[in-house]
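Q:
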Amino acid sequence: MLNTIKQGRNNSTTYKNLVEDLGCRLKTCVRPFYIVQGQKSRWTNQFSNLCDWYTHLLKNSPTRTIHIHVLNNTITANPDNVEYMLKTRFDNFPKGKPFSAILGDFLGRGIFNVDGDSWRFQRKMASLELGRVSIRAYSFEIVNQEINRRLLPLLQSVSYGNDVVDFQDVFRRFSFDSICRFSFGLDPKCLELQLPLSKFAVSFDLASKLSAERAMIASPIVWKIKRLLNIGSEKKLHQSIRIVHLLARELITQRRKHGFSDQKDLLSRFMSSDIDDETYLRDILPIGRPRHGGLRSDEFFWLVARHPDAEATILREADKVLGTNQGIKNYEQIRELNYLNAFVYESMRLYPPIQFDSKFCLDDDILPDGSFVKRGTRVTYHPYAMGRMEEIWGSDCLDFKPERWLREGVFFHENPFKFPVFQAGVRVCLGKEMALVEIKCVAISLLRRFRVELAHTENTPRFSPGLTATFRDGLRVRVRARSVNSSELTN
Ligand code: HEM
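Just so we're aligned, residue 1 is where the sequence shown starts under my numbering, counting upward by one.
1) Is Pro94 near the ligand HEM, judged by its Cβ being under 7 Å from some heavy atom?
2) Less than 7 Å between the CB of Lys189 and some heavy atom of the ligand SAH, yes or no?
3) When the Cβ atoms of the stretch 366–386 are set against those of the stretch 55–74, are three or more pairs found closer than 8 Å?
4) So who's on the other strand from Ala481, going by DSSP bridges?
5) So Arg172 is in the beta strand (DSSP E); what residue range does that whole segment cover?
6) Kindly indicate the opening and closing residues of the beta strand (DSSP E) around Val379.
7) Express the C-alpha separation of Lys209 and Asn330 in angstroms, rounding to a whole number.
8) Report the three-state DSSP secondary structure of Val202 (helix, strand or coil).
9) Sorry if obvious, but does the Cβ on Arg449 come closer than 7 Å to a heavy atom of the ligand HEM?
10) Opposite Val373 in the DSSP bridges: which residues?
11) Taking the straight line between their C-alpha atoms, what separation do you get for Val82 and Asn162?
12) Between Glu403 and the rest of its own chain, which residues show a CB-CB distance below 8 Å, the 5 nearest in sequence each way excluded?
13) Pull up the distance between the alpha-carbon of Val437 and that of Phe140, whole angstroms please.
14) Does the contact criterion of 3 or more C-beta pairs under 8 Å hold for the stretch 95–114 versus the stretch 356–374?
15) Say the cut is 7 Å; is the CB of Leu432 nearer than that to a heavy atom of the ligand HEM?
16) Per DSSP, which one or two residues make a beta bridge with Val410?
17) Judging by CA-CA distance, which residue of Asp298, Ala137 and Pro353 is the nearest neighbour of Phe174?
18) What are the boundary residues of the alpha helix (DSSP H) that includes Thr65?
19) Between which two residues does the alpha helix (DSSP H) containing Ile142 stretch?
20) Shorter than 7 Å, the distance from the beta carbon of Gln156 to the closest heavy atom of the ligand HEM, or not?
21) In the DSSP assignment, find the unbroken alpha helix (DSSP H) run with Thr74 in it and report its ends.
22) With DSSP collapsed to three states, give me the class of Val321.
23) Which residue comes first and which comes last in the alpha helix (DSSP H) that contains Arg306?
Take a look at the structure:
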């Protein structure tokens, strides 16, 4: 039932080929080839990134499922299979030991990295805390403070001249400041461009990046040996994790010393609910950050710049819902911005922040499309490819059309297993609402004050290889103040 892909094994460098093909930065001089349905081809000749190549293979498979022997990885873009692994047979498709090993040094035994009872316990705690109305209000408050005190003044200052800014960098900094304040009440001030990036921010991002890169190496033996010898990327990873852990310990000590009951951040909330174990507290801290990357506001503005009609509709809706010259007053108001919501979902359909996600099969199983999965196999669902499947989204699946999410002007939720951008089922993302509120607040606040123009209109930005989607060369834009006096917008 599965479409199978075998790696050409004509010489002893097969493994090197694979490493190169997976986008890993190891430099090899050997040209890889695959045998795909009897044809030899080098995917990099035809596709600019690995996800597009997988999409092509999945489209050509009648079941929308393929198996890559050399990686022992079954990849699917079939919503029935996704529902089966994330809900129906959830217990047979845990994250598994290989995944925990990859992120274990950084995330320890935190919620992202465990299965079984430990996960169940943390999920309960995290759902309780992240589900509170007060934490949502707190996140809304932080995001708006960051927008008004830092983001808008920064963009105002570059809007006077002809300056080009890298929106990817700006939003990465914005998102890091917001999530640090939200998670542990610490302000790294990354968006204050005159200050050097804090050691914490640099170490945190480096640790996330290097940990994720372990997953792109075909065999774990490579990074395990490098770790043992403490060399290369593993040495850097070790150093950055040490800095993050030192800082986390210091934060916890400070909270214990100075009290936490009147603090609103997530760390204080966990400490108030009688969690005292230092390692445990340290491991739950990165909630909302690793693997989530930036919240892709840069991508949002890239799409806005390419779809001026949609931009005009977003602005008209904002005037109608919020009132002309009125800012966003509360969390609830944002839910009424149906078209904006549709725009954000449509951007995540075509450009999901997490392009694919894997589990490991515990016992032999058969997926709903008839594909047999042997125990120990990695099983990957692929939101990026799923956003490009005709049978899910129709013949216009490659077109950017926010309207597909609206029914008589009101936002319509699709089946989550067709759109597993926030995962779906038992382990669905717990920060989805907060993430969406953040991107919508940023979008409205900026769009009503500034026009964003792409500095290089001819280029379609290319994605970097990695677990989270980022533009390879950033996103360079010019920002122009709109003729409406921005001070008239009151928040
Ligand atoms: C656009 C932004 C985001 C996207 C696309 C996203 C997506 C995801 C995905 C795909 C997972 C499953 C990961 C896995 O198990 O392998 C996940 C899990 C999770 N997310 Fe998010 N997320 C986002 C933002 C956030 C934010 C801002 C928070 C917290 C404030 C958050 C909290 C969590 C938590 C706690 C889990 C673990 C759930 C569990 O394992 O039970 N997420 N998210």
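Just so it is clear, CB atoms sit at the ideal spot from N, CA and C, and this is done for glycine as well.
A: So, from the data block:
1) As a position in the sequence shown, residue 94 is number 94, starting the count at 1. Pro94: no, Cβ never under 7 Å from the ligand HEM.
2) For the structure depicted, the ligand SAH is absent and the ligand set comprises only the ligand HEM.
3) yes
4) The residue you call residue 481 lines up with position 481 of the sequence shown. Per DSSP, Phe450.
5) Locating residue 172 in the sequence shown gives position 172, where the first residue counts as 1. That residue, Arg172, is in no beta strand (DSSP E); its alpha helix (DSSP H) goes Phe167 to Phe184.
6) Translated into positions along the sequence shown, residue 379 becomes position 379. Segment Arg378 to Tyr381, the beta strand (DSSP E) holding Val379.
7) In the sequence shown, residue 330 corresponds to position 330, counting from 1. In the sequence shown, residue 209 corresponds to position 209, counting from 1. Taking the straight line from one Cα to the other gives about 34 Å.
8) Within the sequence shown, the letter at position 202 stands for residue 202. DSSP places Val202 in helix when its eight states are reduced to three.
9) Taking the sequence shown and counting its residues from 1, the one referred to as residue 449 is at position 449. Residue side-chain check: Arg449 keeps its Cβ at 7 Å or more from all non-hydrogen atoms of the ligand HEM.
10) Along the sequence shown, read from residue 1 onward, the residue named residue 373 stands at position 373. BP columns for Val373 point to Asp365.
11) One-based indexing of the sequence shown puts residue 82 at position 82. One-based indexing of the sequence shown puts residue 162 at position 162. When rounded, the distance between both Cα atoms is 47 Å.
12) Within the sequence shown, numbered from 1, the residue matching residue 403 stands at position 403. Within the same chain, Ala342 come within 8 Å of Glu403 by CB-CB distance, once the 5 residues on both sides are set aside.
13) Residue numbering aside, residue 437 sits at position 437 when the sequence shown is read from its first letter. Residue numbering aside, residue 140 sits at position 140 when the sequence shown is read from its first letter. If you take the alpha carbons of Val437 and Phe140, they lie about 7 Å apart.
14) yes
15) To locate residue 432, count along the sequence shown from 1; it is residue 432. It is Lys, not Leu, that sits at residue 432 in the sequence shown. Yes; taking the cut-off as 7 Å, the Cβ of Lys432 has a heavy atom of the ligand HEM nearer than that.
16) For the purposes of this step, residue 410 is identified with residue 410 of the sequence shown, where counting begins at 1. Looking at the DSSP output, Val410 sits in a beta bridge with Arg407.
17) To locate residue 174, count along the sequence shown from 1; it is residue 174. Measuring from the Cα of Phe174, the nearest candidate turns out to be Asp298.
18) Indexing the sequence shown from 1 puts residue 65 at position 65. No alpha helix (DSSP H) contains Thr65, which is instead part of the beta strand (DSSP E) from Thr65 to Ile68.
19) By one-based count along the sequence shown, residue 142 stands at place 142. Taken as a continuous stretch (DSSP letters only), the alpha helix (DSSP H) holding Ile142 covers Val133 to Glu146.
20) Sequence index remark: in the sequence shown, residue 156 carries index 156 (1-based). Flag unset: Cβ of Gln156 not near the ligand HEM.
21) Translated into the one-based positions of the sequence shown, residue 74 becomes position 74. Residue range Asn73 to Thr76 is occupied by the beta strand (DSSP E) that includes Thr74, with no alpha helix (DSSP H) assigned at that position.
22) The residue given as residue 321 occupies position 321 in the sequence shown. DSSP places Val321 in helix when its eight states are reduced to three.
23) Counting from 1 along the sequence shown, the entry for residue 306 is found at position 306. Run containing Arg306: Ser297 to Arg306, per the alpha helix (DSSP H) assignment.
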